[in-house]
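First comes the structure, then the notes that go with it.
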Amino acid sequence: MATQVFNKHSGPVYSIKVNPVDPRIAITGGGDDVGVIWNREDGNVLYTLAGHQDSVVSVDFSFDGKYAATGGYDGVVKIWEVATGKLVQNLEGPSQEVEWVCWHKKGNVVLAGSGDGTVWMWLATTGECMHVFAGHEDGVTCGSFTGSGKVRSV
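Numbering follows the UniProt record's numbering, with no gaps: position 37 of the sequence shown is 37.
Written out as structure tokens, the structure is:
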């Protein structure tokens, strides 16, 4: 695939991920408070994911490529249906900005780290908060699931 320029954000781009099932599709998050789902082959915008009140700083796809998560400095994680660009869930809880989002590799579980020192875990399709991990003295700037599905954060 040739290099493709994605120039539809009106501010900086903070995050990009390629769909794990359909590599023609990518998602970006930017300083213009939106996520964008792109066709990587021609650079066309498929959907603009609006609704955050501050920069979208982290994005990720579900394991099956059907959903995308956007995390913003507004403290909200939003779940989107990739095929339609429709909002599925607002995942709220952190009292400060969302620093990162990560989708579980085998299920519909999303993690998010926050500037308030917490890591939140939700069932993405229902919005149910499954657990809040607390104890960090500062913001949680990165994290993920291990290969066996356990949570790790820094």
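Glycine included, each C-beta is placed from N, C-alpha and C at the ideal position. Predicted model, so just to flag it, every value in this text is computed and none were measured.
Figure out for me which residue from the options has the closest Cα to the Cα of residue i.
{"i": "Lys66", "options": "Gly147, Pro23 and His9", "result": "Pro23"}
{"i": "Thr28", "options": "Glu128, Val82 and Val119", "result": "Val82"}
{"i": "Asn44", "options": "Thr146, Lys8 and His52", "result": "Lys8"}
{"i": "Gly139", "options": "Asp116, Phe133 and Cys129", "result": "Asp116"}
{"i": "Thr118", "options": "Asp54, Thr125, Gly127 and Gln96", "result": "Gln96"}
{"i": "Gly135", "options": "Gly107, Trp120 and Cys129", "result": "Trp120"}
{"i": "Gly31", "options": "Val21, Asn39, Gln53 and Asp42", "result": "Gln53"}
{"i": "Gln4", "options": "Pro20, Asp33 and Asn39", "result": "Asn39"}
Starting from residue i, follow the beta strand (DSSP E) in both directions and report where the run begins and ends.
{"i": "His131", "result": "Glu128 to Phe133"}
{"i": "Ala83", "result": "From DSSP, Ala83 is part of no beta strand (DSSP E); its letter is neither H nor E."}
{"i": "Ala68", "result": "Tyr67 to Gly72"}
Can you tell me which of the three DSSP states residue i falls into?
{"i": "Gln96", "result": "coil"}
{"i": "Gly117", "result": "coil"}
{"i": "Ser15", "result": "strand"}
{"i": "Ser10", "result": "coil"}
{"i": "Gln89", "result": "strand"}
{"i": "Phe61", "result": "strand"}
Spatial neighbours of residue i within its chain, please: CB distance less than 8 Å, with the 5 preceding and 5 following residues excluded, ordered by chain position.
{"i": "Val59", "result": "Ser15, Ile16, Lys17, Ile27, Thr28, Gly29, Gly35, Ala68, Ala69, Thr70, Gly71 and Val101"}
{"i": "Trp80", "result": "Gly35, Ile37, Tyr47, Leu49, Tyr67, Ala68, Ala69, Thr70, Lys86, Leu87 and Val88"}
{"i": "Lys150", "result": "none"}
Could you give the C-beta distance for residue i and residue j, rounded to a whole number, given that I count them as a contact under 8 Å?
{"i": "Gly113", "j": "Gly75", "result": "In fact, because the Cβ distance is near 12 Å, the residues do not count as touching under 8 Å."}
For residue i, which residues in the same chain have their Cβ closer than 6 Å to its Cβ, ignoring the five residues on either side in sequence?
{"i": "Glu92", "result": "Val76"}
{"i": "Ile25", "result": "Asn19"}
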